[in-house]
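Just so you know, the UniProt record's numbering puts 53 at position 53 of the sequence shown, and the rest follows in order with no gaps. Every residue, glycine too, gets a C-beta built ideally from N, C-alpha and C. From a predicted model like this one, the values you see are computed outputs, not experimental measurements. Notes follow once the structure below has been shown.
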Amino acid sequence: MKQCPVCKNYTIQDDYDICEVCFWEYDKVAQKYPNEIIGANNVSLKQAINNYENFGAIEEKYISIVQKPKQEEFPN
1 MKQCPVCKNY TIQDDYDICE VCFWEYDKVA QKYPNEIIGA NNVSLKQAIN NYENFGAIEE
61 KYISIVQKPK QEEFPN
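Here it is as structure tokens:
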């Protein structure tokens with residue numbers, strides 16, 4: 001599993017997976033340009049991290065969809 005760049009949980013199995021904890025779609029390009037809105041996500045990586053810290057999802061519209069991380073997904 002790969003670590004989600006937004007919530008830091010290990011929820012990403014394949015490239016372009018969507019993290020069930022924060023709803024970020026994994027995107028290698030967005031990681032190279034964290035201040036840019038590019039790729040499948042409608043917010044920049046930097047904004048997604050800020051949003052996750054403030055209300056638990058990359059965008060408010062995903063609050064009711066996201067799930068709590070499983071024990072095995074927690075960062076070390």
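The beta strand (DSSP E) enclosing residue i, as first and last residue numbers
i, result
"Ile12", "10 to 12"
Contact set for residue i: own chain, Cβ-Cβ below 7 angstroms, skip 5 residues either direction
i, result
"Glu59", "Asn42, Val43, Asn51"
Range of the contiguous alpha helix (DSSP H) that encloses residue i
i, result
"Phe74", "Element bounds for Phe74: n/a, residue is neither H nor E."
"Ile49", "45 to 55"
"Lys28", "28 to 32"
Cβ neighbours of residue i in the same chain (closer than 6 angstroms, five flanking residues each side left out)
i, result
"Ile18", "Glu25"
Reduced DSSP category for residue i - H, G, I as helix; E, B as strand; rest coil
i, result
"Glu60", "helix"
"Lys68", "coil"
Alpha carbon of residue i to alpha carbon of residue j, nearest angstrom
i, j, result
"Tyr33", "Leu45", "8 angstroms"
"Lys64", "Met1", "The sequence shown places Ser at residue 64, not Lys. Rounded to the nearest angstrom, the two C-alpha atoms are 24 angstroms apart."
"Gln31", "Lys8", "13 angstroms"
"Val21", "Tyr62", "10 angstroms"
Close Cβ partners of residue i (< 8 angstroms) along its chain, the five nearest in sequence each way excluded
i, result
"Ile72", "Looking at the sequence provided, one finds Glu at residue 72 rather than Ile. Contacts found: Tyr10."
"Lys28", "Asp15"
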